[in-house]
Amino acid sequence: MPQNRTGEREALEGSLKAVTRMEGKGKPKLGVDEFLSIADRFGFSKETLRKIREAVLEEDPGEGPFLVNYYTDLKESKVAKFERLAREFFGVKYALAVTSGTAALHCAYVAAGVGPGTEVICPAIGFMATASSVVLAGGVPIFCDVDHSMAMDPTKIENLITPRTVAIAPTGVLGNVYEIDSIMKIARKQKLRVIEDCAQSCGTRFKGRLLGTQGDIGCFSVSAYKIIGGGEGGLIVTDNRRLFERIQQMAECGGLWRPERFAPPRWEGELFCGTNYRMSELEAAINVVQIKKLRATVKRFNSVRSRILKRLNTYQEILPQKINDLEGEIGYMLRFYPESFELGWKLVNALNKIGIPCSMEGPDAPPNWHLASEMFPVTLKPAATDPSCSFHCPHYLEAGGKVEYRKGDCPLAEDLFKRSINLPLNQWMTATDCRNVASGIEQVLSTHCTPDPNAIPWIPTS
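First residue of the sequence shown? That's 11 in my numbering, and the numbers climb one at a time after it.
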């Protein structure tokens, strides 16, 4: 070896020996204080927090945890475990944990080919994210009216399909179930993708099959506002490998998911510029516990609603919300439609007065982004930048696309959303609680309405 090379080697070996003799030892980036900050968020008293601090100080946290799905010292990261549990629960081949239900929808739309010049049929009732994520992907949402279940009316879909349509996005509203069989039949006939938005109905079933697993992609919100979740999170499931790899690319443009991270594309359409929607280990740590509770949670809610409904009589002036699958719905909201707003306010006031909380939007309620005609970030067609794509895209205009959103486009949705009486239910209600609530509802309805054994029943007869 040349002399200068020998000198370099000796210098390197000397520096390595020096490194191994380093005396300085810093604290981990994430240590006891960070752990206690999480404990504090649970609302523990100062005395309990003091005891927790004493307990955890007895152990050396080492370098501290690495709260990302990748490069963890765990055999199975919390994110990976949550995804595994999701695959097992839903019986699907692929599941990806993301940061929110909106992130799930955005990834699903892009994976399914939503972009400039395309349209997606969305329900007229449901949170705006179903439609706004279409715009975010560069497409245009087309709103479909609902039936009395408040879910997308399958009989109104085909009239909305154009050569620009690429997908249908049915939504389960507040634990209810849409008629996925009819929607799938239309989609397969027209060669369209189905993106199921189960953000508010995780764990529901239609004819025994879990919603989110029957379309091409299922999207869920796993958050503090939904049936399971603690903070902000989302989940995407599918059985289609190609779609899943596109979902992964959109959710994580960093490419950590790929067998060879920086390799050229393995197939056309695999690689493109995505973003970062990775779920953190902290969120997943909550969700691995929450998803194990899902089946029991759904069962309790469903049982509570069924117990109450079975005790209610029928009335001329009351139309119960249509139930597409009594056993399959979660049922954490009991809904019915009074024949007029005047009657509705009487019922709402009377029910609240006897301790049964409920509400009705009413005709003069402020705008609500759960109703298509009031989703202003969509319906006013504003742009974040000028020029912009989606509504104003040359690809869309040249393909004959022209959408105008007007009040009255989806009349049944606008009527039912404003006129519906919404009575939230508690999964922990006992049989006695259910009897008392049903008795209270009966007391109010029988006072203000006309009994009619031939009226539409609360529970479907077939």
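By construction, the Cβ of each residue, glycine as well, lies at the ideal position given by its N, Cα and C atoms.
The continuous beta strand (DSSP E) containing Ser231 extends over residues 227–231. Comparing C-alpha distances from Leu67 to each of Leu46, Arg445, Val308 shows the shortest one belongs to Leu46. Assigned with DSSP and collapsed to three states, Asn286 falls in strand. Comparing alpha-carbon positions, the option among Pro434, Tyr119, Met162, Ile296 lying closest to Asp226 turns out to be Tyr119.
Under the DSSP definition of a beta bridge, Tyr104 partners with Thr248. Measuring C-alpha to C-alpha distances from Leu245 to each of Lys166, Glu352, Pro269, Phe92 identifies Phe92 as the nearest.
Residue burial is scored here from C-beta neighbours: Cys283 has fewer than 16 other C-beta atoms within 10 angstroms and is therefore classed as exposed.
Counted as a single uninterrupted DSSP element, the beta strand (DSSP E) harbouring Asn432 occupies residues 431–434.
Here the alpha carbon of Ala114 sits roughly 44 Å from the alpha carbon of Gln453. Here DSSP, grouped into helix, strand and coil, assigns Pro387 to helix.
For Met260, the three-state secondary structure derived from DSSP is helix.
Annotation for Ala375: Lys428 place their beta carbon closer than 8 Å to its own, counting only its chain and skipping 5 residues before and after. In the displayed model, Ile340 falls within coil according to three-state DSSP, outside both helix and strand.
Nearest to Ser142 by alpha-carbon distance, out of Glu293, Gln437, Val388, Lys412, is Val388. Nearest Cα to Arg310 within the set Asn297, Gly341, Ile431: Gly341. Among the bridge pairs identified by DSSP, Arg345 is matched with Asn432. Put simply, the backbone Cα of Val130 is about 28 Å away from that of Phe99.
7 Å or more divides the Cβ of Val204 from the Cβ of Thr128. Judged by their CB atoms, Thr181 and Thr140 are nearer to each other than the 7 Å cut-off. In the structure shown, Tyr325 adopts extended strand secondary structure according to DSSP, grouped into three states. For Val314, the enclosing alpha helix (DSSP H) has its first and last residue at 291–319. In the three-state reduction of the DSSP assignment, Arg271 falls in the coil class, being assigned neither a helical nor a strand state.
Note on geometry: alpha-carbon atoms of Ala107 and Val89 lie some 7 Å from one another. Between the C-alpha atoms of Ala147 and Met439 there is a straight-line separation of about 42 Å.
Taking C-beta atoms as the reference points, Gly411 and Arg174 count as a pair closer than 7 Å. When beta bridges are read from the DSSP output, Met370 appears opposite Ile431. In the three-state scheme derived from DSSP, where H, G and I count as helix and E and B as strand, Arg174 is classed as coil. Rounded to whole angstroms, Ala273 and Arg317 show a C-alpha spacing of 57 Å. The shortest C-alpha to C-alpha distance from Ile193 to any of Phe346, Leu422, Phe216 is the one to Phe216.
Here Thr457 is exposed, its C-beta having fewer than 16 other C-beta atoms within 10 Å. Taken through DSSP and simplified to helix, strand or coil, Pro404 comes out as helix. Under a 10 Å Cβ-count criterion, Thr442 is classified as exposed, with fewer than 16 other Cβ atoms of the shown protein chains found around its own Cβ. By a beta-carbon distance limit of 8 Å, Leu426 contacts Met160. Their separation comes to about 6 Å.
In this structure, the alpha-carbon of Pro330 lies about 42 Å from that of Met260. Under the three-state reduction of DSSP, Val66 is assigned to helix. Linking Lys35 to Asp70 through their CA atoms gives a straight-line distance of about 13 Å.
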